Structures are given as C-alpha cells and as structure tokens.
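Reading through the structure tokens given below for one structure.
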Amino acid sequence: MSQSENLVKLLDNQPIVKVCGAYDAMSAKLVELSGFDAVWAGSFAISAINNVPDASILTMTEFFTAASNMANACEIPVIADCDTGYGDATNVRYMVKKYENAGIAGICIEDKTFPKQNSLLEGGNNQLLSEKDFAAKILAANEAKQNKAFTIIARIEALISGIGIEQALKRAYAYEKAGADLILIHSKKITPEEIFEFSDSWKGSAPLVVIPTTYYSVNVDELIEHKIKMVIYANQTLRAAHFALSKLLKQMKNANNMSQLQNQMSSMEDIFKLQEMHDMKSQEKSIEEKLRKLGYVS
Ligand code: SPV
Ligand code: MG
1073 MSQSENLVKL LDNQPIVKVC GAYDAMSAKL VELSGFDAVW AGSFAISAIN NVPDASILTM
1133 TEFFTAASNM ANACEIPVIA DCDTGYGDAT NVRYMVKKYE NAGIAGICIE DKTFPKQNSL
1193 LEGGNNQLLS EKDFAAKILA ANEAKQNKAF TIIARIEALI SGIGIEQALK RAYAYEKAGA
1253 DLILIHSKKI TPEEIFEFSD SWKGSAPLVV IPTTYYSVNV DELIEHKIKM VIYANQTLRA
1313 AHFALSKLLK QMKNANNMSQ LQNQMSSMED IFKLQEMHDM KSQEKSIEEK LRKLGYVS
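Start counting the sequence shown at 1073; every next residue gets the next number (this note's numbering).
Next comes the structure, spelled out in structure tokens:
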C-alpha cells in the first residue's frame, strides 16, 4: 500500500489523525518512533534549519529534498508543506508529479501570493491570491496526481489575513469543488473560537485540518467534537531542538569537562540504534555467511 493510501486509511479509521512536524530525516524518524500517525515537513522548520526566513527563500528543490529525505527515513506518511506551490498552476502541476513520485503521501498549498511569509509572524505580509487563481492550482494538482489517494490539502489563509469566516468558508467550498481532498483552516488567534465557528459552519465533505500553534491549549477531544479530522503540531520539534541545543551549548562553553552534561544528551548507543548501525553489522554478517557458502571464504 502506498503512503498516500495509508493516509487515506488513517483518515477513514480514526477519529482524528495526529501529525507532528519534523525538520530532517532524524526528527521525522523520532516522530514516527513516538507513535504519531504522520509527519509534517513544514516550511518554517525546514527554513529554520537552513537559518533563513520562512519567506519563500528556499527553492522548491530544497524543500523537496528535505521532504523526500523524511519519506525515505519513515514508514509513516509524510505530508509536505509546499507553501504557495512555488509559482502558478503550471508550477504546481510539476511539483505534484515530483512529490508523488518520491513517495510523499500528500502536499499542502496555501492561498497566499508568492513570495509568502510565515503566517504567525507579527506584521507579516499575508496577501491573498484570488480565489480563481488558487482554484486553478488545485485543479492542476488534481490533474497531475497519478494515485487518487495522493492527498491535496488546500490551506485557507482568510482568517490569517483578517477577511473573516464568511470569506474563509466561501474559499473552502470553492477549493473543495476544484478537488481539494482536505481543507486546512489556519488561525493565529490564541483561542480556538474562530476555528470552531468555521468548522461548526462547514457543510462540505472534505475533512478539516488545523495547526494549533497559537491556540495550543485546545484539547484533542474538543477538536474531535468540532469535526476536525487532522491536527498538525507543526513546529514544536524544531523549537525543542533549538531550546535544548541553546541551553547545552552555553553550559558546554563554560565547562571544564563534559561530565556534568551527559544527562542532557542522548547516548552514542541511542544514535547508533536510530541510524541502524546494528542492522548494518548483521547485514555484513549475513553477506559474509553467504560468501562462505559460495566458497569465497573458508
Ligand atoms: C509550517 O509549519 O511551516 C506552517 C505552519 O506552515 S505555520 O508556521 O503556522 O504557518
Ligand atoms: Mg509553512
């Protein structure tokens, strides 16, 4: 079964699909090992590990490489945050082909203009693309996909840009009609009221997705009650890594030796396990054994 089919199955069978953000193959693998359903290859985190703003600075190829590294490392679906689709409907067409061929389960595109800026940035530019031009991107994405399970998420930025619930709903219906499989309704409010107002009014059949970064105190049970089918914890892994490293580095710089700091880091053994060094050693043994049977080694 393809990863896109796995994702569709999760959506069919679970009250809510829990997705966690990653920024590289290792963090994606840790997301998988912790039991999350899927990985979010987010533009904020991938930009941050390249130490550039989340503002369409990296190219499609760079975001693609990051997401496909995650897909290679994981056995759970990877959903790629593809910003505005890196151009117009034609760019989206080629983008979908590339992402689907790499075994990525789905893509998310947002209805802002290129270059976009992160939606949670104070004073950020959140100019919206016209509904028609974004519908064209969704249509192109749909025409480009080979497997009907390849998931196209249309992300609505109406609440982020401040044009209100009615416009958000109007766009959501338009994008569903154009073929979006899921609707991501984004908000930068610190409480979930506007998200719930949207989801309670939603009469479409496309499942709803949210990213509760600013309204982090919302409970999973509440999301389920309000018809949310997927929750994405987009950037907590990146922020935790930044936090842990910053703290440790300060202490390392001032320490005479590393003894006191061992409990702030994973062991070499933990990392060997993660990168499958032990599997590599047993594979070596198995080849040696086969070579012996073939008469190469006595
Ligand atoms: C991301 O994680 O890159 C997102 C979510 O797009 S947000 O940062 O809230 O815009
Ligand atoms: Mg993003």
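The beta-carbon is built from N, C-alpha and C at its ideal position, and this holds for glycine as well.
Just so it is clear, the structure is predicted and the values come from calculations on it, not from any experiment.
Check, Outcome
"With DSSP collapsed to three states, give me the class of leucine 1241.", "helix"
"Using the DSSP secondary-structure output, state which residues sit across from glutamate 1182 in a beta bridge.", "Arg1227"
"Could you tell me whether the stretch 1131-1146 touches the stretch 1082-1098, where touching means 3 or more Cβ pairs closer than 8 Å?", "yes"
"Near serine 1259, what residues of its chain come up, given a Cβ to Cβ distance below 6 Å and the 5 sequence neighbours on each side ignored?", "Leu1231, Glu1266 and Ile1267"
"What's the call for asparagine 1291, buried or exposed, on a 16-neighbour Cβ count within 10 Å?", "exposed"
"What's the C-alpha gap between glycine 1234 and tyrosine 1158?", "23 Å"
"Does DSSP put lysine 1301 in a helix, a strand or coil?", "strand"
"With 16 as the cutoff for other CB atoms within 10 Å, does arginine 1364 come out buried or exposed?", "exposed"
"By the 10 Å Cβ neighbour count, where 16 or more other Cβ atoms means buried, how is glutamate 1341 classified, buried or exposed?", "exposed"
"What's the gap between the Cα of leucine 1254 and the Cα of leucine 1241?", "13 Å"
"Between which residues of its own chain and glycine 1276 is the CB-CB distance below 8 Å, once the five residues before and five after are set aside?", "Ala1244, Tyr1245, Glu1248 and Ile1255"
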